[in-house]
Amino acid sequence: MNLAETFQLALKNILASKVRTLLTMLGIIIGVCAVIVIVGLGNGMQGYIEDSFADMGTDSLTVMIMGRGSSRSVSEEEMYQMVEDNSDVLKQISPLVNMMGVVKIGSDSHSSTSITGVSEDYFSMKGYEVAQGRGIQYADVANRKKVCVVGQYLNMAYFGGSAVGQTLKVGGTTFTIVGVMAAETDDLEEGGTDDCVFIPYSTAARLSFTGTISSYIMTVQDTDHISEAKALVESKLYRIFSDDDAYTVSSMAEMVDQMNSMVNMIIYILAGIAAISLVVGGIGIMNIMLVSVTERTREIGVRKALGAREGAIMRQFVIEAATTSALGGVLGILLGYGLSKAATTVIAALMPDTPITVSPSVMAVVLAFGVSSAIGVVFGYLPAKKAANLNPIDALRYD
Amino acid sequence: MGALIEFQDVCKTYHMGDTIVRAADHISMSVQQGEFVAIVGQSGSGKSTCMNIIGCLDVPTSGTYLLGGRDVGQMDKNELAAIRNQMLGFIFQQYNLLPKLTLLENVEVPLMYAGVPRAERRERAKIALELVGLGGKLKHKPQQLSGGQQQRVSIARALVGEPAVILADEPTGALDSHTGREVLTMLQKLHDTGNTVVLITHDNSIAVQAQRIIRLEDGRVVYDGDAHAPEAVVTPGAAGKGAGQ
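Residue numbers (my numbering), protein chains in the order written: chain S, 386 to 784; chain U, 8 to 252.
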């Protein structure tokens, strides 16, 4: 009897008692399904993280200068020079001055609005569009002009869509609105991305009494070589400070990697817990196979009397167990795909802001199928051994 | 070449608790190619042990069993399985057909374990079933058949591998006398066409259908000769007393 025939026989036996087979496979089905959905959820979360960070610019490096005591520091000119000198790797630079302050429009105060001092290049670096008026210009920076560009939220909520030419106050200083940013998100809300004010960094530095600029954003020529760019900036800064505690250079891509590895770890732990169900399912299969061997003792006796070797009986039962669990694996995969689709829809309906697509990976599917088949072989071995070792005389006499 | 089946001083002992049961006690006998032999005895006479040994389901504790000149006692389990497959055709009291398989598939089983290719297997199984008059029910399941018909299927299954010996263990035990006679007639026909048939039974009236009777009692041969001789059918009790004293 060859392998294909043994397999056919196994399928025949499995299909002969459908309800029992289905119940036997349930543990495997649930385990495989759970692993696939969890891994799919992890993939979806990673995709979501990558998408949202891509918006923030994975081509940018953030440089923080802590300085070393009061003696040594680095000026904006030096930083600009660094980018210019390494224009094969680095593209643009803008100082960043985050201001703690309250924006006052008329008599309304906004503490949730972000106020950032930037250079004229900042908008092009971040891919921001100016919808009305103009952006920050070189002249504004050079002359420390009290002008600002506001986000679409402030424009719509407080200026009725025509903010250009109006004024607002930051920390008691009056700024003239020269431009309005195009909306970055679909829904404009307080504290959101569109609740912002950009002013020339030189103005911001003076207002917040920061002598030197301590924060910069740089963009690189090639996103794929962001690590090299980061190393380059670090080495330049080390040459200035001779102390790697005096600065930090971080890339968005690195943060994405870090978050991904955290998500991965959580997913692995969850998938591991779900995989316990596979073991339980395997034990279920072993249980039913043991019952099946007892029920079919006479059949085994007859087969042995007619010339079946121990190996043939063994193979028959192992393959039957493996087929059962592999079939369970396939059903689990199908169910997993179905649930993933359903979960994607439910997540989209419940949390429109975070559209996570639950996408099962081929890797997880292949692994789930492989593991479930292997479980059948492992847990089918004991019952099969029991069947193969039956004494034909006793087995023939069994009622 | 000598006898097809040859027992030389065959003993089989079992341990039942502290007592040792001698199921076969120095049995020596032989069966020639083409004979129709009945092994008769009451329950406990050792005929089942004898049949298990002849059928290579069991091996002797001591003594030698030669089947077709080969010493079965020295074989391992897999060799025994192969010998059963090639040399023996079993007919059981309870038919022992596999209930989930069709008649055709049932008859194919021995050929399957012999490694005969599917098409040839199917063809030979069909011929065997036609021979026992069930050529029209190839796709039936055993439960759809009467007892007599099921026993015919099991005869077809015993035949299909063209074994050296057909071993029938109480083949009529579960049948009424009419269908039992049909089955016996079929065994006789098999014998007439040159097959070696060994029939195991407790029933004298069935045993006399054979050419030769080997009567067992308490694990010993008490008669071995012509089935039609008057001594062949003496009541076992009387023979037992005579032999014992």
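Idealized CB from N, CA, C, for every residue including glycine.
Here the structure is a predicted model, which is why all the values come from computation and not from measurement.
M650(S) counts as exposed, since fewer than 16 other beta carbons sit within 10 angstroms of its beta carbon. Approximately 14 Å separates the beta-carbon atoms of I98(U) and I46(U); this is outside 8 Å, ruling out the contact. Proximity to R159(U) across L197(U), E130(U), A171(U) peaks at L197(U), based on C-alpha coordinates. Excluding residues up to 5 positions away in sequence, I413, V417, A753, F754, S757, S758 lie with their Cβ nearer than 7 Å to the Cβ of G714(S) in the same chain. In the structure shown, the three-state DSSP call for H22(U) is strand.
What A439(S) touches in chain U, judged by beta-carbon distance under 8 Å, is nothing: the nearest beta carbon there is about 59 Å away. With 16 or more neighbouring CB atoms inside 10 Å of its own CB, D176(U) falls in the buried class.
With respect to G576(S), S497(S) sits close: the two C-beta atoms are nearer than 8 Å. Taken in chain order, the members of the stretch 74-94 of chain U whose beta-carbon sits within less than 8 Å of a beta-carbon on chain S are K84, N85, A88, A89, R91, N92, Q93.
Straight-line measurement puts the Cα of E463(S) at about 45 Å from the Cα of P737(S).
For H198(U), the uninterrupted alpha helix (DSSP H) segment begins and ends at 184-199. The C-beta distance from S479(S) to V448(S) rounds to 11 Å, too long to fall under 8 Å, and the pair is not in contact.
For K554(S), the beta-bridge partners assigned by DSSP are K489(S), T559(S). If you ignore the 5 residues before and after H209(U), its C-beta comes within less than 6 Å of the C-beta of Q49, all in its own chain and listed in chain order. For K726(S), the three-state secondary structure derived from DSSP is helix.
Within 10 angstroms of the beta-carbon of S725(S) lie 16 or more other beta-carbons, which makes it buried. At a cut-off of 8 Å, the C-beta of A711(S) has no neighbouring C-beta in chain U. When rounded, the separation of the alpha-carbon atoms in S212(U) and A239(U) is 11 Å. Taken through DSSP and simplified to helix, strand or coil, S710(S) comes out as helix. Per DSSP, the continuous alpha helix (DSSP H) segment holding E86(U) begins and ends at 84-94. Against N59(U), the close residues of chain S are I778, in the order they occur along the chain (beta-carbon pairs closer than 7 Å). Look at G232(U) here: in three-state DSSP terms it is strand. The C-alpha of I760(S) is placed about 7 Å away from the C-alpha of S710(S). Legend: CB atoms of the stretch 669-682 of chain S lying less than 7 Å from CB atoms of chain U are not found in any residue. The beta carbon of Q216(U) sits closer than 6 Å to those of L191, all from its chain and outside the five residues before and after it, given in chain order.
Annotated as proximal: L691(S) and P117(U), with beta-carbon spacing under 8 Å.
In the structure shown, the three-state DSSP call for R453(S) is strand. When Q701(S), A589(S), K615(S) are compared, the shortest CA-CA separation from V474(S) is found for K615(S). Secondary structure at E42(U): coil, using DSSP grouped into helix, strand and coil. Sequence-distant Cβ neighbours of D32(U) in its own chain, meaning closer than 8 Å and more than five residues away, are C18, G53, D225, G226, R227. Using a CB distance cut-off of 8 Å, P178(U) does not count as an interface residue toward chain S. By DSSP's assignment, R77(U) forms a beta bridge with L74(U). Contact between V565(S) and V582(S) fails: their C-beta atoms lie close to 11 Å from each other, not under 8 Å. In terms of Cα proximity to K397(S), the closest of Q701(S), P768(S), L720(S), S600(S) is Q701(S). By the neighbour-count criterion, in which a residue is buried when 16 or more other Cβ atoms sit within 10 angstroms of its Cβ, A527(S) is exposed.
DSSP places S612(S) outside any beta strand (DSSP E); the residue lies instead in the alpha helix (DSSP H), whose first and last residues are 611-626.
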